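These notes concern the structure reproduced below.
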Amino acid sequence: MEQTCTKCGTAKPLEDFHRHRNGKHGRNSQCKACRNKPKEILPEGFRRCTECKTVQELEKFDRSNRTSDGRCAKCKDCRKKYRENNRDALKEKRHQYYIDNREDIIVKQKAYVNKNRDRVLENKRKYYRDNIDKFRKYDAEHKEDKAVYWKSYYPNNRERIVVSNRDYRKQNPETVKQSGQKWRKKNLEKALQASRDYYRRHRIEILQRGKQYRAEHPEMGRYHDRLRKSRKLAVNENFTSEQDSFVRTYWGNECAICGLPQQHEEKALAIDHWYPLSKGHALTIGNAVLMCRACNAQKKDRYPDQVFDAVTVARIEAEIKAQEATWESRGVVSA
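Sequential numbering from 1 applies to the sequence shown in UniProt numbering.
Written out as structure tokens, the structure is:
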């Protein structure tokens, strides 16, 4: 019976191999001649590949914690060829290993990510930047499949997603704020519609939270009342009930921004400053606009061009000028 030496590749009788209880046929994998040869002395920083038998720099070998010099026995090219030639078998082997050791793998992965979070994130960003075309191509080819997957993913993982998002917002408040502002400015109509829909769905809860906050913090309510009153006095604001009625009629009892009509709820539409009172602009016919609660809440005390797109701002300001001209044509000077 013969056996092939793993070092010289020659088929030899079993007598030419030392005995080894764990070896094939009870013999060592290398023949006696190869084992008796003096150990090869290579230049520092080099080693011989056990597959192609060539001497190469250590950088041509992958790192390994199982060898004395910290490098694999086979060079990168030989290992790459092996993976290409045995792709399906290796894939199946890794898959089976993951199934058999799933819990342990997940625990180790989480521990590593928590310990090396910055490094992991940077590696992911770098890989994404280097392979952006591949990602875009994949997304385009699997657009429908991904849509179906994500549609079912959220209901099945809702609690975990909610907790994760909440933690992220707490840890990155400025990033979340800037991202939200950027998105709202780019998707104004969607943002306004979302605000209106949310208010309609949760109107009672919102009003209750407001009442509860004012009850628990009466000093804040008094503070804001005093502040608003002092601002009105500072700009000599005197907006009459007649002007209020005129503005509502002029806008057709519809929100100037989104066109929402007057609702049955009391004060669903309100007249407010187009240019904010907090910046020194009084409520006059030339600065009054009718808005729904959602649009008014969206604008807050900011200038229009900080919230709305240029087309919307130009349209509203043209209407306000026409509103002022109509009021003055009645023989009344704008307040």
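Even glycine gets a Cβ: it sits at the ideal position worked out from N, Cα and C.
Given the structure is predicted, the values throughout are model-derived calculations rather than measurements.
C-alpha of Gln323 to C-alpha of Ser230: approximately 27 Å in a straight line.
Shown here, Glu254 sits in a strand according to DSSP, grouped into three states. Of the residues assessed, Ile285 falls on the buried side of the cut-off, its CB having 16 or more other CB atoms within 10 angstroms.
In the three-state reduction of the DSSP assignment, Asp133 falls in the helix class. Taking all protein chains in view, the Cβ of Ser179 is surrounded by fewer than 16 other Cβ atoms within 10 Å, so the residue is classified as exposed. Where Val162 is concerned, there is no enclosing beta strand (DSSP E), although the alpha helix (DSSP H) around it starts and stops at 158-171. For Cys292, the enclosing beta strand (DSSP E) stretches over residues 288-292.
DSSP places Val120 in the helix class (H, G or I) of the three-state scheme.
Checking the DSSP bridge columns, you'll see Arg47 partnered with Gln56.
In the structure shown, Glu40 adopts coil according to DSSP, grouped into three states.
Straight-line measurement puts the Cα of Glu254 at about 8 Å from the Cα of Arg248. In the displayed model, Thr312 falls within a helix according to three-state DSSP. Within the DSSP bridge table, the entry for Glu2 names Pro13 as partners.
For Asn85, the three-state secondary structure derived from DSSP is helix.
Assigned with DSSP and collapsed to three states, Ala270 falls in strand. Judged by DSSP secondary structure, Ser29 falls within the beta strand (DSSP E) whose first and last residues are 27-31. For Glu205, the uninterrupted alpha helix (DSSP H) segment begins and ends at 203-216.
From the listed residues Asn101, Glu319, Leu283, Gly252, the smallest Cα separation to Ser241 is found for Leu283. Annotation for Val107: the continuous alpha helix (DSSP H) segment containing it runs 102-115. By the CB criterion at 8 Å, Leu42 and His25 fall outside the cutoff. Gly280 and Val235 have their C-alpha atoms spaced approximately 6 Å apart. Shown here, Arg330 sits in coil according to DSSP, grouped into three states, outside any helix or strand. Distance from the CA of Ala191 to the CA of Glu103, rounded to the nearest whole angstrom, comes to 42 Å. Less than 8 Å divides the Cβ of Leu260 from the Cβ of Arg196. Apart from sequence neighbours up to five positions away, the residues of its chain that approach Asp69 with a beta-carbon distance below 8 Å are Arg47, Leu58, ordered along the chain. Exclusion of the five residues before and after Asn296 leaves Ala270, Asp272 as the residues of its chain whose Cβ lies within less than 7 Å of its Cβ. Excluding its 5 nearest sequence neighbours in each direction, Val307 has C-beta neighbours in its own chain below 7 Å: Gln298, Lys299, listed in chain order.
Pro276 sits in coil when the DSSP states are folded into three classes, being neither helix nor strand.
When secondary structure is reduced to three states using DSSP, His281 falls in the coil class, being assigned neither helix nor strand. When only Cα atoms are considered, Arg160 and Phe246 end up about 52 Å apart. The three-state reading of DSSP puts Arg228 in helix, counting H, G and I together. Val113 has its alpha-carbon roughly 10 Å from the corresponding atom of Val107.
Arg71 carries a strand assignment under DSSP once its states are collapsed to helix, strand and coil. Each residue's CA atom was taken as its position, placing Asp88 and Tyr97 some 14 Å apart.
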